[in-house]
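Trainee:
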Amino acid sequence: MKTHILTLTLSFIFCLTARAELKWEQTAVELHPARGDKQAIGHFKYQNAGKTPVHFKSVHASCGCTAAQSQKEQVGPGEKGEITATFNIGDRTGTQIKTVTVETDEAANQKTVLTLKAIIPQELEISPTFVFWKQGEKPDPKTITVHAGKDFSVKHIKVTSSSPDFQTKVEETGEGQFKVDVHPNETNRLLASTLTIQSENSPKTFYATARITTAPTAPGAPAIQKAPGAPGAPGAPGAPVGPTAPARPPAPTGQTH
Numbered sequence: 216m217k218t219h220i221l222t223l224t225l226s227f228i229f230c231l232t233a234r235a236e237l238k239w240e241q242t243a244v245e246l247h248p249a250r251g252d253k254q255a256i257g258h259f260k261y262q263n264a265g266k267t268p269v270h271f272k273s274v275h276a277s278c279g280c281t282a283a284q285s286q287k288e289q290v291g292p293g294e295k296g297e298i299t300a301t302f303n304i305g306d307r308t309g310t311q312i313k314t315v316t317v318e319t320d321e322a323a324n325q326k327t328v329l330t331l332k333a334i335i336p337q338e339l340e341i342s343p344t345f346v347f348w349k350q351g352e353k354p355d356p357k358t359i360t361v362h363a364g365k366d367f368s369v370k371h372i373k374v375t376s377s378s379p380d381f382q383t384k385v386e387e388t389g390e391g392q393f394k395v396d397v398h399p400n401e402t403n404r405l406l407a408s409t410l411t412i413q414s415e416n417s418p419k420t421f422y423a424t425a426r427i428t429t430a431p432t433a434p435g436a437p438a439i440q441k442a443p444g445a446p447g448a449p450g451a452p453g454a455p456v457g458p459t460a461p462a463r464p465p466a467p468t469g470q471t472h
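When we follow the working numbering, the leftmost residue of the sequence shown carries the number 216, and every step to the right adds one.
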């Protein structure tokens, strides 16, 4: 009996120690591509710390702008490798976060999510990116500030409105700093425009929005109490008939708290 128990115990311990297990050096990387870089590449290194091989079932990126691949389909005990994630920058700027989901045949941890964070230099910083007027408001200019990002030299910018109902005027306020005044021709109707902002000799395009919005409804004025029988008082001849207030529902019965 003791022999059988010892055999089962050893078998159980062997199963625990013989399992496959990938150990990742890191599951998140932060990249800072330089100006003009077309790609940001993250390397996620691992090692099989278990006693049996690990098989990769799939390596899947979160979007089409990122490609991910593994060096091998199988990782033997003690072997090392890496998953490479390549993010195609294109015309993207600012902080970009992409993920790669890795699926293996590990019993304990079949799926691992790897995160690639790329902070891409932004040529122009725009604030705010949305200006608006209420319908009927005086069409005074609203200001958008634009300034060159770090390590960028911008001497001139061009601002174009998608609608002739909005006019723009650009003024340089300092080195690499600009003020864009935007104003509508009128505010009597709902209008919208996309403002396209470009720096000289740059293919990248930035956007802001100008819009005429619906004016909020004015709050109702408090009712003026009138003496009974006075003109316009409730019950007086010719008094307007208003909606009757709904009756207050009875309190529920048999309810406990």
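All C-beta atoms in this analysis are idealised placements derived from N, C-alpha and C, irrespective of residue type, glycine included.
#1: Can you tell me the Cα-Cα spacing of histidine 275 and asparagine 263, whole angstroms?
#2: Can you tell me whether proline 399 is buried or exposed, with buried defined as 16 or more other CB within 10 angstroms of its CB?
#3: Pick from Lys365, Gln392, Arg404: whose alpha carbon is nearest that of lysine 349?
#4: Taking the runs of the beta strand (DSSP E) that are 3 residues or longer, which of them lie wholly in the region 351-398?
#5: Can you have a look at glutamine 325 and say buried or exposed, based on whether 16 or more other CB atoms are within 10 angstroms of its CB?
#6: Throw me the rounded Cβ distance for the alanine 255 and alanine 283 pair, which I believe falls under 8 Å.
#7: Assuming threonine 308 contacts isoleucine 335 (C-beta within less than 8 Å), just tell me the rounded distance between them.
#8: For threonine 388, count the other beta carbons within 10 Å of its own beta carbon; 16 or more makes it buried, fewer makes it exposed. Which is it?
#9: Considering only the beta carbon of each residue, do histidine 362 and aspartate 320 sit closer than 8 Å?
#10: Can you give me the C-alpha to C-alpha distance between phenylalanine 393 and alanine 407, rounded to a whole angstrom?
#11: What does the alpha-carbon distance come out to for the pair serine 417 and lysine 287?
#12: I'd like the list of long-range same chain contacts for threonine 420, defined as Cβ closer than 8 Å, with 5 residues on each side in sequence excluded.
#13: Just grab the DSSP bridge partners of threonine 281 for me.
#14: Could you tell me whether the Cβ atoms of valine 374 and valine 395 are closer together than 8 Å?
#15: From the DSSP secondary-structure annotation, give me the bridge partner or partners of asparagine 263.
#16: In three-state terms, what does DSSP make of lysine 419?
Mentor: This is what the structure gives:
#1: As a working note, residue 275 is residue 60 in the sequence shown. As a working note, residue 263 is residue 48 in the sequence shown. Cα to Cα, the separation comes out at about 20 Å.
#2: In the sequence shown, residue 399 corresponds to position 184, counting from 1. By the neighbour-count rule (16 or more Cβ atoms within 10 Å), proline 399 is buried.
#3: On the sequence shown, position 134 is the one that residue 349 refers to. With distances taken between Cα atoms, lysine 349 lies closest to Arg404.
#4: 357-363, 372-376, 381-389
#5: If you number the sequence shown from 1, residue 325 lands on position 110. Glutamine 325 sits exposed, since fewer than 16 C-beta atoms from the chains shown fall within 10 Å of its C-beta.
#6: Here residue 255 corresponds to residue number 40 of the sequence shown, with the count starting at 1. Here residue 283 corresponds to residue number 68 of the sequence shown, with the count starting at 1. Not quite, the Cβ-Cβ distance comes to about 13 Å (not below 8 Å), so this is no contact.
#7: Taking the sequence shown and counting its residues from 1, one reaches residue 308 at position 93. Taking the sequence shown and counting its residues from 1, one reaches residue 335 at position 120. Correct: roughly 5 Å between the Cβ atoms.
#8: By 1-based counting over the sequence shown, the position of residue 388 is 173. It is exposed - the Cβ of threonine 388 has fewer than 16 other Cβ atoms within 10 Å.
#9: For the purposes of this step, residue 362 is taken as the residue at position 147 of the sequence shown. For the purposes of this step, residue 320 is taken as the residue at position 105 of the sequence shown. In this structure, aspartate 320 does not lie closer than 8 Å to histidine 362 by Cβ.
#10: Position 178 of the sequence shown, counted from the start, is the residue given in the question as residue 393. Position 192 of the sequence shown, counted from the start, is the residue given in the question as residue 407. In a straight line, the C-alpha of phenylalanine 393 is about 23 Å away from that of alanine 407.
#11: Translated into positions along the sequence shown, residue 417 becomes position 202. Translated into positions along the sequence shown, residue 287 becomes position 72. Rounded to the nearest angstrom, the two C-alpha atoms are 41 Å apart.
#12: Indexing the sequence shown from 1 puts residue 420 at position 205. Taken in chain order, the residues that qualify are Asp306, Thr411, Ile412, Gln413.
#13: Position 66 of the sequence shown holds residue 281. Paired residues: Phe302.
#14: Indexing the sequence shown from 1 puts residue 374 at position 159. Indexing the sequence shown from 1 puts residue 395 at position 180. Going by C-beta atoms, valine 374 is nearer than 8 Å to valine 395.
#15: Within the sequence shown, residue 263 is the residue found at index 48, counting from 1. Note: asparagine 263 sits in a beta bridge opposite Leu237.
#16: Indexing the sequence shown from 1 puts residue 419 at position 204. Three-state DSSP puts lysine 419 in coil, outside helix and strand.
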